[in-house]
Every structure is written in structure tokens, then in C-alpha cells.
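Take a look at the structure set out below.
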Ligand SMILES: [Fe+2]
Ligand SMILES: [Fe+2]
């Protein structure tokens with residue numbers, strides 16, 4: 030059956046409960062054939078507003094109280110990565126706005142900053158209302174939930190991403206740093222890691238008939254936001270490669286090759302049952318991540334082999 034992309038595009042939070050993540054992701058694929066402009070993506074942002082305050086977590090809270098120990102641990106592992114990751118990307122996007130090479134890019138990236146802040150607040154609310162915490166503010170809560178040692182994750186979010194943002198802040202005219210930053214932020218972190226994690230968690234919820242939960246709806250709204258961010262990243266890199274393939278194709282490839290072990294590291298759970306108990310394998314998830322990455326690279330006009 031053909032996917033009704035316009036319906037997904039306009040769906041309210043409540044209606045997002047009837048929508049599959051794979052259909053949301055098809056927005057990115059449609060874009061590959063017919064790239065939306067940065068202003069098209071801006072207009073899509075205006076049409077796709079949603080509010081964390083409109084989400085009802087009461088069923089989610091009931092589920093949490095009845096959940097097994099393994100369910101809780103698996104959920105917390107994933108949500109720690111997402112909550113902390115959303116805060117990290119909120120914290121590092123401002124230099125990208127500053128370094129935007131055109132006003133259209135500046136406008137789009139400003140919408141993305143608001144999105145990332147909203148995603149962070151979504152997880153903060155989930156934490157307070159579903160699993161519970163005594164943390165008095167977001168600083169304390171983020172310190173409490175910071176993901177346990179995961180080398181790939183730490184390198185990506187605490188070294189590479191802030192270092193790139195710092196390079197852009199020091200010299201907003203450094204377009205090489207902008208291209209490298211978009212590769213890291215939009216392609217590695219959002220398109221490959223975040224959307225893969227979202228896809229498997231949302232599909233698991235759908236299989237368990239939990240699509241009326243606040244988390245399902247909010248996380249699907251987040252995935253729809255991420256699909257705009259990823260389309261933007263593809264567009265920026267596609268334009269850079271078209272403008273100067275000899276300079277930008279190798280720069281993007283080098284950044285990606287350096288990040289490959291960080292991608293598998295981030296997706297690797299501390300306990301394999303966090304994946305196998307829910308009917309999947311780690312290699313299936315990594316395969317999905319790399320298949321998505323390859324699709325995005327084809328759209329950009331490069332491949333992984335230098
Ligand atoms: Fe986000
Ligand atoms: Fe994002």
C-alpha cells in the first residue's frame with residue numbers, strides 16, 4: 030500500500046499513534062528523489078509543531094510500575110543515550126547557526142535548535158513522570174542519567190562533536206569544518222545512530238500494541254523532526270560535493286570512516302538481552318544502521334570507499 034506522506038506530514042500527536050516509524054522515515058527517501066529546499070524544510074517545520082505539554086504519560090507510568098526488571102533496564106539504557114544525546118546536540122548546534130553559509134541555512138538550523146531543546150524536555154518529562162527521580166533540576170537529572178561508560182558514545186558526544194562546534198565558533202567562515210560538522214551531526218549521529226535506535230524501539234512498542242502510549246506518540250514526533258534534520262544534512266552535503274567533489278567527497282568520507290567504530294560502539298548494549306529479548310540481534314541493528322547510512326551517502330553522491 031502506498032504511504033500517504035501528506036497524512037504523516039500533517040498528523041497531530043494523537044494521530045501519530047497510528048503511524049509507523051518506517052513510514053516516517055520514507056520522508057527522507059522521498060527527498061532523495063526530489064530534494065526539498067531549505068525553505069521547504071522550514072515550512073514543513075511550521076506545519077509539524079507539537080508540544081511536550083500535550084503528551085499524556087499516565088499509561089506509560091502504569092506500564093513502568095508493572096514492568097519486569099529487564100524491561101526497565103533495557104528502557105533506561107536506551108533512554109539515557111537519547112536524553113543525554115538530545116541535550117548534547119542542543120548544546121552544540123549554536124555554532125552551526127553562526128557558521129551557516131546562507132540565510133536559508135541559518136533559518137533552518139534555528140528551527141532545529143528549538144527541536145533539539147524540545148526533544149530534551151520530552152525526555153526530562155518522561156523521566157520525572159514515568160520512571161521517577163529526586164533530581165531537583167535538569168543539571169542534577171542529566172548528571173544522574175549520564176550513560177555509563179560507552180567508549181563510542183563518549184568519544185562522539187564529549188570529544189568529536191564539541192571539538193567541531195568549537196572549531197566553528199572560533200572561525201565561522203571555516204566551510205570545511207561546517208561540512209565535517211554536518212557529516213558528524215546530521216549523518217552520523219542523527220541519520221545513522223538516532224533514527225536506528227528510534228526505529229527499533231518504536232517497532233518493538235508497536236509489536237506490543239503500545240501505540241496509544243505518550244512515549245510512542247512523542248518519540249514518533251521526534252523521529253519526524255529528525256527526518257527533517259537528516260534531509261537538511263543530505264542537502265547541505267550534496268550541494269558541497271556538487272560544488273567541489275575533489276575537496277568535499279574525501280573530507281566527508283574521511284569523517285565517516287573515523288566514525289564507523291563509534292557508531293557500532295554506541296549501538297552496542299551492555300547486556301545483549303536488551304536486544305535479543307525483544308526479538309532482534311545486534312548485527313541486525315548494525316546492519317540497518319549501515320544500510321541507512323549507505324542510502325544517505327548515495328543521495329549525497331558519494332560512497333564509503335575512498
Ligand atoms: Fe533530536
Ligand atoms: Fe535532530
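In the numbering used here, the protein residues as written are 30 to 335. Quick reminder that beta carbons are idealized off the backbone N, C-alpha and C, glycines included.
Worksheet item: Any chance the region 221-239 sits against the region 263-280, with 3 or more Cβ pairs inside 8 Å?
Response: Segments in contact, no.
Three-state secondary structure (DSSP) at residue 30? Reliability fails at residue 30, whose pLDDT of 46 lies under 50, so the model's placement of it is uncertain and the value that follows must be treated cautiously. It is coil, neither helix nor strand.
Review point. Taking Cβ to Cβ, would you say residue 251 is nearer than 8 Å to residue 148?
Key: Yes, the Cβ-Cβ distance between residue 251 and residue 148 is below 8 Å.
message: Just verifying my parser: in three-state terms, what is the DSSP assignment at residue 255?
response: Looking at residue 255 - three-state DSSP - the assignment turns out to be helix.
For residue 91, three-class secondary structure by DSSP | helix
Practice item. Could you have a look at residue 64 and say whether DSSP puts it in helix, strand or coil? Key: DSSP places residue 64 in the coil class of the three-state scheme, outside both helix and strand.
First and last residue of the alpha helix (DSSP H) that includes residue 140? 132-155
>> Please return the same chain residues whose Cβ sits closer than 6 Å to the Cβ of residue 119, not counting the five positions on each side in sequence.
In response: 145, 146, 149
| Residue from 255, 105, 155, 292 whose Cα sits closest to the Cα of residue 51 | 255
What is the DSSP secondary structure of residue 179, reduced to helix, strand or coil? coil
Is any heavy atom in ligand 2 found nearer than 7 Å to the beta carbon of residue 52? Incorrect: residue 52 has no Cβ contact closer than 7 Å to ligand 2.
Next on the checklist: Quick test of your reading: residue 99 and residue 313, contact by CB under 8 Å. State the CB separation rounded to the nearest angstrom.
Outcome noted: Incorrect: roughly 19 Å between the Cβ atoms, too far for contact.
Inset, instruction - Could you spell out where the alpha helix (DSSP H) holding residue 208 opens and where it closes? - result: For residue 208, the uninterrupted alpha helix (DSSP H) segment begins and ends at 204-211.
*asked:* I'd like the span of the alpha helix (DSSP H) that includes residue 299, first residue to last.
replied: That residue, residue 299, is in no alpha helix (DSSP H); it is neither H nor E in DSSP.
Next item on the list: Just the C-alpha distance for residue 82 and residue 331, rounded to the nearest angstrom, thanks.
Entry: 41 Å
Worksheet item: Between which two residues does the alpha helix (DSSP H) carrying residue 189 extend?
Response: Note, residue 189: premise wrong, no alpha helix (DSSP H); not H, not E.
- Query: Apart from the five residues just before and just after residue 193, which ones in its own chain have a Cβ nearer than 7 Å to its Cβ?
  - Reply: Cβ neighbours of residue 193 beyond the five flanking positions: 206, 209, 210, 213.
task: Can you grab the Cα-Cα spacing for the pair residue 257 / residue 80, in whole Å?
output: 17 Å
Item to complete: Enumerate in chain order the residues of its own chain whose CB-to-CB distance from residue 48 is below 7 Å, with the five nearest sequence positions on each side excluded.
Response: 37, 40, 249
What does the Cβ neighbour count give for residue 310, buried or exposed, with the cut at 16 atoms within 10 Å? exposed
N-terminal and C-terminal residue of the alpha helix (DSSP H) that residue 316 is part of: Start and end: 311-329.
| Under the rule that 16 or more other beta-carbon atoms within 10 Å means buried, what is residue 217, buried or exposed? | It is buried - the Cβ of residue 217 has at least 16 other Cβ atoms within 10 Å.
Can at least three beta-carbon pairs, one atom from the region 126-134 and one from the region 176-186, be found at a separation below 8 Å?
no
(Q) I want to check one thing, is the minimum distance from the CB of residue 255 to the heavy atoms of ligand 1 below 7 Å? (A) It does: the Cβ of residue 255 is within 7 Å (strictly closer) of some heavy atom of ligand 1.
query: By a C-beta neighbour count over all protein chains shown, 10 Å radius and 16 as the cutoff for buried, is residue 295 buried or exposed?
result: buried
query: So does residue 270 have its beta carbon nearer than 7 Å to some heavy atom of ligand 2?
result: no
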